[in-house]
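Number 245 marks the last residue of the sequence shown (the UniProt record's numbering); no jumps. Heads up, the beta-carbon is just placed ideally off N, CA and C, and yes, glycines get one too. Please read these numbers as outputs of a predicted model, since none were measured by experiment.
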Amino acid sequence: MWRAQLDALRRAGVDALAVDLPGHGARRGEAFTLDGAVEAVVDGVDAVGGRALVVGFSLGGYVAIETRARHPERVVGLVAAACSTPPATLLRGGWLLLARGIERLPDGGAGLNQALVDRALTPQAAADLAAGGFALDVMSAILREVGAVDPVVALAAAGTPVWLVNGRWDHFRLGERAFAEAARRGGAPVRLVVVPGARHLVSLDAPVAFNRVLLDAHRTVAQAAPPAPDGGTAPPARPGLPVRG
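As structure tokens, then:
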């Protein structure tokens with residue numbers, strides 16, 4: 001699902017890596033835990049040099065926020081997309097019931113999910129989203145694990161720059177201003193970007209606009225990179241991209 005972003009970043013000369021969270025992509029069949037997801041992101045950051053601009057979408061966004069709070073020395077900047085609603089919302093109980101019902105379908109909800117994707121996205125975006133398979137069997141575990149975190153508290157725990165990116169019609173926008181204010185309380189420069197016409201799947205609905213945000217974020221953190229010990233310039237930060245759940 002990060003194909004368009006990886007292509008754009010690499011054309012700009014940025015070393016980028018997409019990682020699979022537990023239970024997703026190449027890690028299907030693994031149990032999802034928040035600790036395991038954060039560890040996957042940290043491993044991705046280490047693979048690109050130990051410090052990175054971390055980008056997360058939906059579930060990946062909540063995981064990226066938590067990673068920045070737990071490992072501020074590794075995350076030089078954060079782009080958190082489609083994840084601006086506190087997971088402890090009262091709606092979570094309804095989502096959990098729905099997830100359990102979908103998981104009990106004979107095909108695990110694959111047919112329903114594919115039909116919704118085909119209706120909502122262009123053929124290319126639908127193909128990109130489906131390329132790693134759909135992690136429908138870990139939805140209830142994800143809701144349980146992520147429901148225990150508080151992204152507002154986590155955003156205030158570090159001072160590195162934050163970009164909050166949401167589609168105009170995303171139902172996960174409800175807390176975006178509170179999220180931005182929390183990051184500012186922690187001393188972070190914050191930019192809130194609302195993409196016109198886009199919905200929850202903002203990186204797939206509006207890939208060009210989303211890519212511009214990523215390139216702007218990378219330029220910002222690269223320009224702020226500290227001097228190297230020998231007096232030269234430290235290498236620019238490299239983004240690791242956690243995959244959406």
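query, result
"Name the two residues that bound the continuous alpha helix (DSSP H) containing R48.", "Position check: residue 48 holds Val in this sequence, whereas Arg was assumed. Counting along the chain, V48 falls outside any alpha helix (DSSP H), and DSSP gives it neither H nor E."
"To the nearest angstrom, how far is the alpha carbon of V79 from that of V41?", "13 Å"
"Using a Cβ-Cβ cut-off of 6 Å (strictly less than) and excluding sequence neighbours within five positions of V146, which residues of its own chain qualify?", "Y62 and P87"
"Hey, how far is the Cα of L241 from the Cα of V45?", "Low confidence applies to L241: its pLDDT is 49, below 50, so where it sits in the model is not reliable, and the reading given next is rough at best. Roughly 9 Å between the two C-alpha positions."
"Between the C-alpha atoms of V166 and A81, what's the straight-line distance to the nearest angstrom?", "Reading off the sequence, residue 166 comes out as Asn, not Val. N166 and A81: Cα-Cα distance of roughly 6 Å."
"Bridge partners for R168 per DSSP, in chain order?", "R168 is not bridged to any residue."
"Going straight from the alpha carbon of D216 to that of L21, what length do you get?", "25 Å"
"Going by alpha carbons, who is nearest to R74 out of G56, D43 and L116?", "D43"
"If you reduce the DSSP assignment to three classes, tell me which class V162 lands in.", "strand"
"So, under 8 Å CB-CB, L192 and M1 are touching, yes? Tell me the CB distance rounded to an integer number of Å.", "So it is not a contact: roughly 23 Å between Cβ atoms."
"One question on the structure: do L201 and A180 come within less than 7 Å of each other, judged by their Cβ atoms?", "no"
"Beta carbon of V48, beta carbon of D15: below 7 Å?", "yes"
"Along the chain, where does the beta strand (DSSP E) that runs through E27 open and close?", "For clarity, residue 27 is Arg in the given sequence; the question names Glu instead. Unbroken run through R27: none, as it is neither H nor E."
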